[in-house]
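> Numbering (our numbering), first residue to last: 1 to 488.
Have a look at this one before I ask anything.
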């Protein structure tokens, strides 16, 4: 009996020592960012007309989040939030760079935003580099030009690649395989030291291109070209994950796969609508769920539970504190607008996840967008989501537990709740010194009616195919592009 007790005690000590060792280990970090990938664009999220077997496998090996949010439903500010841990409203970087020009269709003018992620903000990369990590940014930057590039923000290795390429036996239409090859080279060169690889793909941002045989393979899809582009992204991710396996780095590498914002649900440039975000409303450029919800898969064997699905709301400002926490890098939490998800990822019980489930998530988006969006703010608390439309101070309140499509506005019947959430949103805007809109002296009501009243792309319902939607949206697309060139 005494021998069994000794053996049991020794086993427990070994287990505890192993857990402590894992908790303090300097994990490698691979952060893969898709460009405009919608929340439901992967097969593991329910999209049956698109093929993503490698990402589906990654989801089986890790955690898949079903209520993950971007910090802004458009590219540059969302990327800034990931790297800085700060909300775009605080950064005064609230739309894509350089931004959409003012137009007579607008009741309000855009605020003058910063044209870069300011160097005064200590990035995730700089924290990790100070802790001895090798760092690389391979792919799209979109956070500032000369003097404000990846090198100035802590990256040792920088390779932009090409956003658009000719599909071939060796390459996709968005430079996916070239970026992946450079990413694998970086991993091989740093396999014996901790590294941070930031891999922001150009896929599946328009313009779209893919190999003809892949397009033919997906001819029954909503958008065959888009489905082919997404499968190319999936293959590129599979190549990188395969390299981690080959180098025996899988068990010591945190891999995050996500998107910068929701999927593009309207035609843009010469493209048909890229995707649809059903059942969620709208898409990129809107603070409705289709614009804010993003896919998120996280894998770290031995730390992150395999095959787990989590509905706790999280936002991409959380990544800076989360990664630093998991990697054991000291950090002052007051310098981030996000919170660490480390306990949630490690599978702690509901008492740890509960505060996250009810914390307020807030957005300030004072812009008109190429997708038809207009200035608005939003706040989610638990199951409740309020949208404040800045043009006319109009409120929409939705119960997401019953209305994921945001079709039933409860602001009138739940007026006290709506007023309380609006006040909370206003106080937050003040606390982060958010920029505001001013009236447009050149406002033309006729243009407004044509672009926003005659057709409301926030309420657009998906047809069976993107091609079937073409005729009803061609005139709107032409007009919303043309109005920015109008002068009063």
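A virtual CB, placed ideally from N, CA and C, is assigned to each residue, including glycine.
Could you please give the first and the last residue of the uninterrupted alpha helix (DSSP H) stretch that includes residue 226?
Position 226 of the chain shown holds residue 226. Unbroken alpha helix (DSSP H) run through residue 226: 224-246.
> Which runs of the beta strand (DSSP E) spanning at least 3 residues fall entirely within the segment 410-437, listed in chain order?
Within the segment 410-437, no complete beta strand (DSSP E) run reaches 3 residues.
> Quickly, what does DSSP pair residue 198 with across the bridge? List them, please.
The count along the chain shown starts at 1 and reaches residue 198 at position 198. Beta-bridge pairing links residue 198 to 31, 137.
> According to DSSP, is residue 180 helix, strand or coil?
The count along the chain shown starts at 1 and reaches residue 180 at position 180. Reduced to three states, the DSSP call for residue 180 is helix.
> Using the C-alpha atoms, what's the distance from residue 133 back to residue 319?
As a first step, residue 319 is located in the chain shown; it is residue number 319 there, counting from the start. As a first step, residue 133 is located in the chain shown; it is residue number 133 there, counting from the start. Cα to Cα, the separation comes out at about 17 angstroms.
> Taking a contact to mean a Cβ-Cβ separation below 8 angstroms, would you say residue 252 touches residue 25 in this structure?
Indexing the chain shown from 1 puts residue 252 at position 252. Indexing the chain shown from 1 puts residue 25 at position 25. In this structure, the beta-carbon distance from residue 252 to residue 25 falls below 8 angstroms.
> For residue 488, is the classification buried or exposed, using 16 other Cβ atoms within 10 angstroms of its Cβ as the cut-off for buried?
Along the chain shown, read from residue 1 onward, the residue named residue 488 stands at position 488. Below a pLDDT of 50, predicted positions are generally treated as unreliable, and residue 488, at 44, falls in that range; no measurement from the model is reported.
> I'd like the list of long-range same chain contacts for residue 112, defined as Cβ closer than 8 angstroms, with 5 residues on each side in sequence excluded.
Residue numbering aside, residue 112 sits at position 112 when the chain shown is read from its first letter. Correct list, in chain order: 435.
> How far does the alpha helix (DSSP H) with residue 373 in it extend, from its first residue to its last?
Taking the first residue of the chain shown as 1, we reach residue 373 at position 373. Unbroken run through residue 373: none, as it is neither H nor E.
> For the beta strand (DSSP E) that residue 259 lies in, which residues bound it at each end?
Within the chain shown, residue 259 is the residue found at index 259, counting from 1. From DSSP, the beta strand (DSSP E) with residue 259 extends over 253-259.
> Over the uninterrupted beta strand (DSSP E) stretch that includes residue 388, give me the two end residues.
The sequence position of residue 388 within the chain shown is 388, counting from 1. First-last of the beta strand (DSSP E) with residue 388: 384-389.
> When the Cα atoms are used, what is the spatial distance from residue 368 to residue 484?
Along the chain shown, read from residue 1 onward, the residue named residue 368 stands at position 368. Along the chain shown, read from residue 1 onward, the residue named residue 484 stands at position 484. One C-alpha to the other measures close to 11 angstroms.
> Please confirm if the segment 228-241 is in contact with the segment 170-189, defined as three or more CB-CB distances below 8 angstroms between the two stretches.
yes
> Should residue 63 go down as buried or exposed, given a rule of 16 or more other Cβ atoms within 10 Å for buried?
Counting from 1 along the chain shown, the entry for residue 63 is found at position 63. Label assigned to residue 63: buried.
> By Cβ distance, which residues of its chain are closer than 6 angstroms to residue 255, with the 5 residues on each side in sequence left out?
For this step, residue 255 is matched to residue 255 along the chain shown. Counting only Cβ-Cβ distances below 6 angstroms, and skipping sequence neighbours, we find 30, 299.
> The alpha helix (DSSP H) with residue 58 in it runs from where to where?
For the purposes of this step, residue 58 is taken as the residue at position 58 of the chain shown. Segment 53-61, the alpha helix (DSSP H) holding residue 58.
> Three-state secondary structure (DSSP) at residue 489?
Outside the modelled stretch of the chain, which goes from 1 to 488, sits residue 489, for which no answer is possible.
> Beta-carbon within less than 7 angstroms of residue 443's beta-carbon, same chain only, minus the 5 sequence neighbours each way: which residues are those?
Locating residue 443 in the chain shown gives position 443, where the first residue counts as 1. Correct list, in chain order: 104, 106, 107.
> Below 8 angstroms CB to CB, which residues in the same chain sit around residue 156 once its five sequence neighbours on both sides are set aside?
Your numbering for residue 156 matches position 156 in the chain shown. These residues qualify, in order along the chain: 129, 134, 135, 136.
> Are the segment 311-318 and the segment 340-348 touching by the rule of at least three beta carbon pairs closer than 8 angstroms?
yes
> Quick one: what's got a C-beta closer than 8 angstroms to residue 357's C-beta in the same chain, skipping five residues either side?
Against the chain shown, residue 357 aligns to sequence position 357. Here the set comprises 312, 313, 382.
> Could you tell me whether the Cβ atoms of residue 70 and residue 261 are closer together than 8 angstroms?
Numbered from 1 along the chain shown, position 70 holds the residue referred to as residue 70. Numbered from 1 along the chain shown, position 261 holds the residue referred to as residue 261. Contact flag set, yes.
> Whole angstroms is fine: what's the gap from residue 221's alpha carbon to residue 265's?
As a first step, residue 221 is located in the chain shown; it is residue number 221 there, counting from the start. As a first step, residue 265 is located in the chain shown; it is residue number 265 there, counting from the start. About 15 angstroms.
> Does DSSP classify residue 468 as helix, strand or coil?
The residue given as residue 468 occupies position 468 in the chain shown. Reduced to three states, the DSSP call for residue 468 is helix.
> Can the beta-carbon of residue 33 be found closer than 8 angstroms to that of residue 56?
Position 33 of the chain shown, counting from 1, holds the residue named residue 33. Position 56 of the chain shown, counting from 1, holds the residue named residue 56. A distance of 8 angstroms or more separates the beta carbons of residue 33 and residue 56.
> Measure the alpha-carbon distance for residue 346 versus residue 250 and round it to whole angstroms.
As a first step, residue 346 is located in the chain shown; it is residue number 346 there, counting from the start. As a first step, residue 250 is located in the chain shown; it is residue number 250 there, counting from the start. Cα to Cα, residue 346 sits roughly 17 angstroms from residue 250.
> Let's test the definition: count the other Cβ atoms within 10 Å of the Cβ of residue 268 and tell me whether it reaches 16, buried, or not, exposed.
Here the question's residue 268 lines up with position 268 in the chain shown. So residue 268 counts as buried.
> In the DSSP assignment, find the beta strand (DSSP E) that holds residue 489 and state where it starts and stops.
Not covered by the structure: residue 489. The range shown for the chain is 1 to 488.
> Mind checking who residue 286 pairs with in its DSSP beta bridge?
On the chain shown, residue 286 is found 286 positions in, with the first residue counted as 1. DSSP output for residue 286 lists no bridge partner at all.
> Looking only at its chain, what residues have a beta carbon closer than 7 angstroms to the beta carbon of residue 46, apart from the 5 residues adjacent to it on each side?
As a position in the chain shown, residue 46 is number 46, starting the count at 1. 40.
> Taking Cβ positions, are residue 259 and residue 36 nearer each other than 8 angstroms?
The count along the chain shown starts at 1 and reaches residue 259 at position 259. The count along the chain shown starts at 1 and reaches residue 36 at position 36. In terms of Cβ geometry, residue 259 and residue 36 form a close pair [threshold 8 angstroms].
> Report the three-state DSSP secondary structure of residue 47 (helix, strand or coil).
In the chain shown, counting from the first residue as 1, residue 47 sits at position 47. Residue 47 falls in the coil class under three-state DSSP.
> Enumerate in chain order the residues of its own chain whose CB-to-CB distance from residue 479 is below 7 angstroms, with the five nearest sequence positions on each side excluded.
One-based indexing of the chain shown puts residue 479 at position 479. Excluding positions up to five away in sequence, the list reads 450, 451.
> With DSSP run on the structure shown, which of helix, strand or coil describes residue 65?
Residue 65 sits at position 65 when you count from the first residue of the chain shown. In this structure, DSSP gives residue 65 an extended state, which the three-state scheme calls strand.
> Could you check whether the Cβ of residue 377 sits closer than 7 angstroms to any heavy atom belonging to the ligand PLP?
The model depicted lacks the ligand PLP and carries no ligand whatsoever.
> What is the C-beta distance between residue 458 and residue 372, in whole angstroms, given that I count them as a contact (C-beta under 8 angstroms)?
As a position in the chain shown, residue 458 is number 458, starting the count at 1. As a position in the chain shown, residue 372 is number 372, starting the count at 1. Rounded, the Cβ-Cβ distance is 7 angstroms, consistent with contact.
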